[in-house]
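Heads up: the sequence shown is residues 710 to 1085, going by this note's numbering. Virtual Cβ for every residue (Gly too), placed ideally from N, Cα, C. As structure tokens, the structure follows; a few thoughts come after it.
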Amino acid sequence: MFIWDFIFEALTYSSFAARSMLGQFFDIAGFSPVEIGYLVAMLPLVALISNPFWFRVGSRITDKKAFIIVSLISGFLFWPIYISRNFILGLISIAAFSFFFSAVVPLGDSLMMASIKKHGGTFDKIRLFGTIGFSITALLLSYLVKWGFIWYFIVASISLFIAPIVINIKRKNNKKIQEKPKTVFIRNGNLFTFVLMTVGMIFGVTLGSFHNTFFPVLSREMGYDKSVVGLVFSFMAITEIPFLFFAEKIIRKFGNFSVLVVGMLVSALRVVLVTYVSGLVPLLLTQALHGLTYILMYYALFNYIHFRLPEKYLTNAQSLFWLTSSGLTYIFGSIIGGYLIEYFQTVTGFRIMGYSGFIVTGAIIAIFLIFKRKTS
């Protein structure tokens, strides 16, 4: 692995941090919860079409060239969103932006995986720098937003323009790392468990998507300063770091399914608890639970696909993984959440989502135990 790979990963997730905070921009701009839901859902909705398209383009012109195209064009297309002051124009602007930006992180991670295979290393260490890049950017924006939301767009554009430069810096091959023997994994997983874990992840990440989209609305209604949103997003990213240091050991000790279920339970708990706390310190303590939500579900299922599931399912399983983890879950969380908040108010909407999460988690555990009993 190379320092430039770490910097590149940090830059790609830096731009994602600015994009993730658009919910606050739309809220302050005066859009309704339902409108915010549709606007935020546009990125994963467009990604269902654009991601396969850009990966096909990458297979023809190389992923590096495809990344350069989507990153540079995204840097320019982010700005029409800033000047859009009505729902239709905002929808058109974010749809155009999303067609290119939705492929930035997937193509970036694909390039990093290719670098690992060529030069050696592990993905968890590189992904750690993605988390660091996200956290630093969110923290920076929490201060810059005091001088205007235009800084969201400035910072994102800078990251998107610099990343293509960094990926073009040549890396020298490390033969010593290449010669390390490959680890052989026992693929004793099954399709039923994979499907059940995927369903669990859909509900769990949907809760996270709902929280991230509408937390800016909740924070405004609870009287927090607008800088708190960036601070919370930065803190949330930092809480993922401890798990990334010990991810493989934790999964080996407790098992993929157990780790994923913990992520689901804590996701539901956080969405409920955040409506009961008051004050910055209790709020941050509640948001510390984020370190046991998305990253657990993401890594548990990712690991199961690559190291437990029989190889004949690998291609389709990976496609379904990306479709759910970065597509359907964000669409559900944003749109369904928008209607819940519109009709039941923000606090009630959060609690409905949270308690529903507990019920679904219980159902997933029950189904798994029944299946395990019948097959043992």
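For this session: State the DSSP-derived secondary structure class of M821, mapped to helix, strand or coil.
Result: DSSP places M821 in helix when its eight states are reduced to three.
Problem set entry | Straight-line gap, I1040 to H828 (C-alpha atoms, nearest Å) | Straight through space, the alpha carbons of H828 and I1040 are spaced by roughly 37 Å.
For this session: Go ahead and pull the three-state DSSP assignment for M931.
Result: When DSSP states are grouped into helix, strand and coil, M931 belongs to the coil group.
Problem set entry | Cβ-based neighbour list, E1051, same chain, cut-off 6 Å, excluding 5 preceding and 5 following | Cβ within range, chain order: P742, V743.
Exercise. Considering only C-alpha positions, which residue in the set S967, E718, T721 is nearest to N1012?
Worked result: Closest option to N1012, Cα to Cα, is S967.
Problem set entry | M751 beta carbon less than 8 Å from that of S807 | At the C-beta level, S807 and M751 come within 8 Å of one another.
Exercise. Hey, would you say A812 sits closer than 8 Å to S759, going by beta carbons?
Worked result: The Cβ-Cβ distance between A812 and S759 falls below 8 Å.
Problem set entry | Three or more C-beta pairs below 8 Å linking the segment 1062 to 1070 and the segment 927 to 938 | These segments do not touch.
Exercise. When we look at the beta-carbon of A719 and count the other beta-carbons within 10 Å, is it buried (16 or more) or exposed?
Worked result: By the 10 Å Cβ count, A719 comes out buried.
For this session: Would you give the residue range spanned by the alpha helix (DSSP H) that N965 belongs to?
Result: 965 to 982 is the span of the alpha helix (DSSP H), which, as asked, contains N965.
For this session: Report the three-state DSSP secondary structure of L1018 (helix, strand or coil).
Result: Judged by DSSP in its simplified three-state form, L1018 adopts coil rather than helix or strand.
For this session: Find out if the Cβ-Cβ distance for the pair G917, S976 is shorter than 8 Å.
Result: Cβ atoms of G917 and S976: closer than 8 Å.
Exercise. By Cβ distance, which residues of its chain are closer than 8 Å to Y1003, with the 5 residues on each side in sequence left out?
Worked result: Excluding sequence neighbours, Y1003 sits near G913, V914, G917, E949, G972, S976.
Exercise. Along the chain, where does the alpha helix (DSSP H) that runs through A1075 open and close?
Worked result: Segment 1055 to 1084, the alpha helix (DSSP H) holding A1075.
Exercise. Leaving out the 5 sequence neighbours to the left and right, which residues in its chain are closer than 7 Å to S802 when beta-carbon positions are compared?
Worked result: If we look at S802 and ignore the five residues flanking it on each side, its Cβ neighbours are P789, I790, S793.
For this session: Give me the Cα-Cα distance between L992 and F796, rounded to the nearest whole angstrom.
Result: Rounded to whole angstroms, L992 to F796 spans 31 Å at the Cα level.
Problem set entry | Where R728 falls, given that 16 or more other Cβ within 10 Å makes a residue buried | By the neighbour-count rule (16 or more Cβ atoms within 10 Å), R728 is buried.
For this session: Compute the Euclidean distance between the alpha carbons of T922 and I1045, then round it to the nearest angstrom.
Result: Roughly 11 Å between the two C-alpha positions.
Problem set entry | F809 (DSSP reduced to helix, strand or coil) | Reduced to three states, the DSSP call for F809 is helix.
Exercise. For S1035, which residues from the same chain have a beta carbon less than 7 Å from its beta carbon, with the 5 sequence-adjacent residues on both sides left out?
Worked result: The residues are P753, A756.
For this session: To the nearest angstrom, report how far apart A709 and F725 are at their CA atoms.
Result: Nothing can be reported for residue 709: it is not among the residues displayed for the chain, which extend from 710 to 1085.
For this session: For N877, name the three-state secondary structure that DSSP assigns.
Result: N877 falls in the coil class under three-state DSSP.
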